[in-house]
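Participant: The structure under discussion is supplied below as structure tokens; questions concerning it will follow.
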């Protein structure tokens with residue numbers, strides 16, 4: 001006995017049942033009942049209608065044979081060196097005691113503060129020197145950083 005498949009729902013159509021719909025471009029569609037025909041003519045997507053075979057296949061419904069779930073591979077963590085440091089260096093840094101780490105950090109902070117203070121002192125002395133020259137009567141032209149680098153001077157606006 002010849003059975004057909006419902007174009008919309010994917011269900012079997014037995015002899016003497018269903019409807020045949022021929023579209024204008026001569027494409028043939030077979031429907032089991034008016035329900036699937038109506039939904040097809042409304043241009044509904046069978047993958048979104050819960051009772052169709054397409055939906056059930058897509059959402060893995062009614063598959064009783066697949067009792068044993070597929071085993072997922074567990075990722076194994078492995079460590080390796082990176083561009084700047086080998087694995088030994090990384091392990092060494094990780095094993096440093098927190099006290100030693102905090103001491104090193106304090107030392108680094110102290111050094112940066114000292115450097116900052118030295119820079120500030122140098123700047124202050126430079127300003128004092130300029131002020132002394134200005135008080136003597138030597139007009140010292142302040143040069144911007146870009147001017148000091150040797151960039152082209154700004155073009156002065158010309159009056160008419």
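Residue numbers (UniProt numbering): 1 to 160.
From the three backbone atoms N, C-alpha and C, an ideal C-beta is built for every residue, glycine too.
Where residue 46 and residue 1 are concerned, what is the direct C-alpha to C-alpha distance, given to the nearest angstrom?
Facilitator: Position 46 of the chain shown, counted from the start, is the residue given in the question as residue 46. Position 1 of the chain shown, counted from the start, is the residue given in the question as residue 1. For residue 46 and residue 1, the distance between alpha carbons rounds to 27 Å.
Participant: Tell me the start and end of each unbroken beta strand (DSSP E) in the region 20-61 that is at least 3 residues and wholly inside, in chain order.
Facilitator: 28-31
Participant: Give the single residue among 24, 6, 115 whose Cα lies nearest to the Cα of residue 39.
Facilitator: Sequence index remark: in the chain shown, residue 39 carries index 39 (1-based). The option with the nearest alpha carbon to residue 39 is 6.
Participant: Please confirm if the region 26-43 is in contact with the region 75-89, defined as three or more CB-CB distances below 8 Å between the two stretches.
Facilitator: no
Participant: According to DSSP, is residue 152 helix, strand or coil?
Facilitator: What you label residue 152 is simply residue 152 of the chain shown in a count that begins at 1. Correct three-state label for residue 152: coil.
Participant: With three or more beta-carbon pairs closer than 8 Å as the criterion, would you say the region 2-22 touches the region 49-69?
Facilitator: yes
Participant: By how many angstroms is the C-alpha of residue 134 removed from the C-alpha of residue 154?
Facilitator: For this step, residue 154 is matched to residue 154 along the chain shown. For this step, residue 134 is matched to residue 134 along the chain shown. In a straight line, the C-alpha of residue 154 is about 24 Å away from that of residue 134.
Participant: Does DSSP classify residue 157 as helix, strand or coil?
Facilitator: As a working mapping, residue 157 is identified with position 157 in the chain shown. The answer is coil: DSSP assigns residue 157 none of H, G, I, E or B.
Participant: State the start and end residues of the unbroken alpha helix (DSSP H) segment that holds residue 83.
Facilitator: Taking the first residue of the chain shown as position 1, residue 83 is located at position 83. Annotation for residue 83: no alpha helix (DSSP H) segment contains it, and DSSP assigns it neither H nor E.
Participant: Taking only three categories from DSSP, how would you classify residue 12?
Facilitator: The sequence position of residue 12 within the chain shown is 12, counting from 1. Residue state, collapsed to three classes: strand.
Participant: Per the DSSP calculation, residue 5 is bridged to which residue(s)?
Facilitator: Within the chain shown, residue 5 is the residue found at index 5, counting from 1. Paired residues: 12.
Participant: Under the assumption that residue 37 contacts residue 17 (Cβ atoms under 8 Å), give the Cβ distance between them as a whole number of angstroms.
Facilitator: Residue mapping note: residue 37 aligns to position 37 of the chain shown, counting from 1. Residue mapping note: residue 17 aligns to position 17 of the chain shown, counting from 1. Residue 37 to residue 17, Cβ: 13 Å. No contact.
Participant: Here's a check: name, in chain order, each residue in its chain whose Cβ is nearer than 6 Å to the Cβ of residue 4, leaving out the five neighbours to either side.
Facilitator: Position 4 of the chain shown, counting from 1, holds the residue named residue 4. Once the five neighbours on either side are set aside, the close Cβ partners of residue 4 are 13, 30.
Participant: Roughly how many angstroms lie between the CA atoms of residue 216 and residue 71, to the nearest whole one?
Facilitator: Given that the chain is displayed from residue 1 to residue 160, the structure contains no residue 216 and the question cannot be resolved.
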